Amino acid sequence: MLLIDDQVAVDRTLRHVWSECIGAGRANEALRADWQAHFREAVATLGARHVRFHGLFHDDMFVYRTSDGGGFGPSVPREVPVYTFAYVDKVFDAILDTGARPFVELGFMPRELATRTETVFWWNAHCSPPKDMSAWLGLVTATVEHWIDRYGRDEVRTWPFEVWNEPNLVPHFWTGTRTEYFELYAATATAVKRIDAGIRVGGPSSSVFVPDARYDGEYHDQSVEYTTAEATDPAALPWKPVWIHEFLAYCAERDVPIDFLSTHLYPTDYAFDTNGVGRAISRDRDATRNDLATMRAIIADSPYPNAELHITEWSTSPSSRDHMHDTVFAATYIVRAFLQSHDLTDSISYWTFTDVFEEGGGGIGPFHGGFGFVNENGIHKPTFHAMAMLNRLGSRIALQTDHGIITRTAERAVAAVFFNYPDSMGSRSVGGANSYAQTLHLAQEGPARSIRHRIDGLVPGETYAVEILDQDHGNVAQAWHERGEPLNLSRRDVANLAAIADDLDRSTLRVDDDGALTIDITLAPWAVMSLAPADA
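So in our numbering the end of the sequence shown lands on 538, straight run, no missing numbers.
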């Protein structure tokens, strides 16, 4: 029998929602050797099981072709389109060869099918409705049938299929109306189910919660954002999901399949006041759990009560130039949020696993605030170590507190993660930062926290490894900052910073002769600690 602090341990399921899916930028980036190396490590060390990215049908993947190209010669038009999957196959083969699987995002629009010429991102994504719905459905059908032929029906059935990305962000990610997106979803989901009813399809992949009416109508209206931008206490506003109720109602009225709801829960917002001045808003530290609880209640009360819930993008903020992403502070924040939320969703996909990410072009400098667990050089950020610690946890909860969790990994073995999200933060989130220096105000938060537990019922003499990530161990962006923030690293610089990044505070604990393990450790502010069998 396992006892913790002289009490019989509980025995509840722990779902590793943080590793069920991770995010990446776009499909074409997955052709790069460094992307693939970073992904292999994410699977092997972080436990990633699916990966989601944009741009499957973007022109740089050359899937939808209405001409033969031309090069130095003339481009020869075709009477009917052809579909070529050479690039897509390379990406999907690389993913599947790791043991992970794709979380398929169907989008964006091939240029030759787009109704408008405007694009988004450095890589010029076309985000308009199709000028010919039957041609779009032909593309989707050919793609899914190709995958079934190449990988097998049983394999493809394990891939979730999501229709589009953040269509509520008009005109950036969708130039049509809300109804036009719903029509796209209905037609696409029906076409996929016609190929194989066993394939899971969902949406609407909407962006963030908002407390105002900016997305309520058919068109995006920024003028209503002032209620958020000018609020004295934005956290007190009634934050709500975008397009979820309307999406459920539309699909239910037309008997359109929904196997899962997907949305994005960045705990941030950016709103404009009546003078057009923007305000960055960081919600309270519990925003993610509160939003998930709201989503669960909506699903339970909907015509699709058995639908899964997938958060297909999540991070401390949606900016790929937010220097908070490179910090220990972010690592502690995400550990806390993940451990709070494991019982409310089927997955939370951290955006993203690597800084090989080009929505705004390549990053400026090795630590530029990119989303990744690793930077472009593959150097581990604090968030990487935090995810590795979470991955070592077992699948059964023995004890969960406000500051950590102890899990069972075998009949007489445990693994644990503890953290110190400083009490002085109160209900505050970590927020964002436009430079690394702007993150350092959080270094003054406190106090330290004592972690004390006695676990009885373990194997006598067994050794447990302890790892601690804190401001003095594994804090690689701080070391880079102290060196003057060089933009271009030498090979020696990379090797040196990589060693600093992996230099956690490591020690061991031993189970005594009576089968008891005593944990008595003081965690500095923002520290995250892992305890796991030494031979794991």
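Every residue gets a Cβ at the ideal spot worked out from N, C-alpha and C, and that includes glycine.
From a predicted model like this one, the values you see are computed outputs, not experimental measurements.
With burial defined as no fewer than 16 other Cβ atoms inside 10 Å of the residue's Cβ, what is the status of residue i: buried or exposed?
{"i": "Asp235", "result": "exposed"}
{"i": "Glu255", "result": "exposed"}
{"i": "Gln9", "result": "exposed"}
{"i": "Arg493", "result": "exposed"}
{"i": "Leu2", "result": "With the chain covering only 3 through 538, there is no way to say anything about residue 2."}
{"i": "Gln38", "result": "buried"}
{"i": "Gln446", "result": "exposed"}
{"i": "His325", "result": "buried"}
{"i": "Trp124", "result": "exposed"}
{"i": "Thr334", "result": "buried"}
{"i": "Ser509", "result": "exposed"}
{"i": "Asn2", "result": "Nothing can be reported for residue 2: it is not among the residues displayed for the chain, which extend from 3 to 538."}
{"i": "Arg34", "result": "exposed"}
{"i": "Gly280", "result": "exposed"}
{"i": "Arg103", "result": "buried"}
{"i": "Glu157", "result": "exposed"}
{"i": "Val608", "result": "There is simply no residue 608 to check, as the chain begins at 3 and stops at 538 in what is shown."}
{"i": "Met3", "result": "exposed"}
{"i": "Ile301", "result": "buried"}
{"i": "Asp515", "result": "exposed"}
How many whole angstroms separate the CB atoms of residue i and residue j, which I take to be in contact at a CB cut-off of 8 Å?
{"i": "Gly428", "j": "Thr409", "result": "Going by Cβ atoms, the distance from Gly428 to Thr409 rounds to 28 Å, so no, they are not a contact pair."}
{"i": "Leu346", "j": "Ala295", "result": "6 Å"}
{"i": "Asn422", "j": "Pro488", "result": "Not confirmed; about 31 Å, so no contact."}
{"i": "Arg155", "j": "Asp198", "result": "6 Å"}
{"i": "Leu533", "j": "Ala418", "result": "4 Å"}
{"i": "Gly178", "j": "Pro131", "result": "4 Å"}
{"i": "Ser431", "j": "Pro269", "result": "6 Å"}
Based on the DSSP output, what are the partners of residue i in its beta bridges?
{"i": "Arg281", "result": "Ala273"}
{"i": "Phe531", "result": "One point to set straight first is that residue 531 is Met, not Phe, in the sequence displayed. According to DSSP, Met531 bridges with Phe420 and Ile470."}
{"i": "Ser208", "result": "Thr265"}
{"i": "Gly25", "result": "Arg54"}
{"i": "His475", "result": "Asp472"}
{"i": "Ile457", "result": "Ile6 and Leu519"}
{"i": "Trp316", "result": "Tyr352"}
{"i": "Leu511", "result": "Tyr466"}
{"i": "Ala526", "result": "In the DSSP output, where bridge partners are listed per residue, Ala526 has none listed."}
What's the gap between the Cα of residue i and the Cα of residue j?
{"i": "Tyr89", "j": "Thr265", "result": "28 Å"}
{"i": "Phe262", "j": "Gly486", "result": "47 Å"}
{"i": "Phe386", "j": "Lys133", "result": "42 Å"}
{"i": "Arg67", "j": "Leu139", "result": "15 Å"}
{"i": "Gly329", "j": "Asn379", "result": "The question names Gly, yet the displayed sequence has Thr at residue 329. So the two alpha carbons sit approximately 17 Å from each other."}
{"i": "Val122", "j": "Phe87", "result": "24 Å"}
{"i": "Thr15", "j": "Arg398", "result": "5 Å"}
{"i": "Leu171", "j": "Asp214", "result": "14 Å"}
{"i": "Met391", "j": "Gln402", "result": "15 Å"}
{"i": "Glu120", "j": "Trp176", "result": "10 Å"}
{"i": "Leu525", "j": "Leu471", "result": "9 Å"}
{"i": "Phe420", "j": "Ala479", "result": "22 Å"}
{"i": "Val212", "j": "His405", "result": "29 Å"}
{"i": "Ala50", "j": "Met135", "result": "35 Å"}
{"i": "Pro169", "j": "Glu361", "result": "17 Å"}
{"i": "Gly364", "j": "Gly371", "result": "12 Å"}
{"i": "Ala166", "j": "Phe110", "result": "Here residue 166 is Trp; the residue named in the question, Ala, does not match the sequence. Using only the alpha carbons, I get a separation of about 7 Å."}
{"i": "Arg394", "j": "Asp522", "result": "20 Å"}
{"i": "Glu407", "j": "Asp537", "result": "Note that residue 407 is Ile in the sequence shown here, rather than Glu. One C-alpha to the other measures close to 20 Å."}
{"i": "Val93", "j": "His344", "result": "30 Å"}
Can you list, in chain order, the residues of its chain whose CB lies under 6 Å from that of residue i, leaving out five sequence neighbours each side?
{"i": "Arg28", "result": "Phe55, His56 and Gly57"}
{"i": "Pro206", "result": "Trp245 and Phe249"}
{"i": "Ser349", "result": "Val19, Glu22, Cys23 and His312"}
{"i": "Ala339", "result": "Thr290"}
{"i": "His483", "result": "Tyr438"}
{"i": "Leu460", "result": "Arg414, Val513, Gly517 and Leu519"}
{"i": "Glu464", "result": "Val513"}
{"i": "His148", "result": "Phe87"}
Got a sec? Which residues, its chain only, sit under 8 Å from residue i by beta carbon, not counting five neighbours each side?
{"i": "Gly25", "result": "Val53, Arg54, Phe55, Thr314, Glu315, Ser351, Tyr352, Trp353, Thr354, Phe355 and Phe373"}
{"i": "Ala188", "result": "Tyr252, Cys253, Arg256 and Val258"}
{"i": "Ala144", "result": "Tyr85"}
{"i": "Pro83", "result": "Tyr66, Arg67, Thr68, Glu114, Ala137, Gly140 and Leu141"}
{"i": "Ala497", "result": "none"}
{"i": "Ala238", "result": "none"}
Taking 8 Å as the CB-CB cut-off, is residue i touching chain B?
{"i": "Val146", "result": "The structure shown contains no chain B, having only a single protein chain."}
If I measure Cβ to Cβ from residue i and keep anything under 7 Å in the same chain, skipping five residues before and after, which residues do I get?
{"i": "Asp61", "result": "Pro112 and Arg113"}
{"i": "Thr520", "result": "Arg456"}
{"i": "Phe163", "result": "Val106, Leu108, Val194, Ile201, Arg202 and Val203"}
{"i": "Asp275", "result": "Tyr228, Ala231, Glu232 and Arg281"}
{"i": "Asn377", "result": "Asp357, Pro368, Phe369 and Lys383"}
{"i": "His40", "result": "Phe355, Thr356, Val358, Val376 and Gly380"}
{"i": "Pro240", "result": "Pro213"}
{"i": "Tyr466", "result": "Thr510, Leu511, Leu519, Leu533, Ala534, Pro535 and Ala536"}
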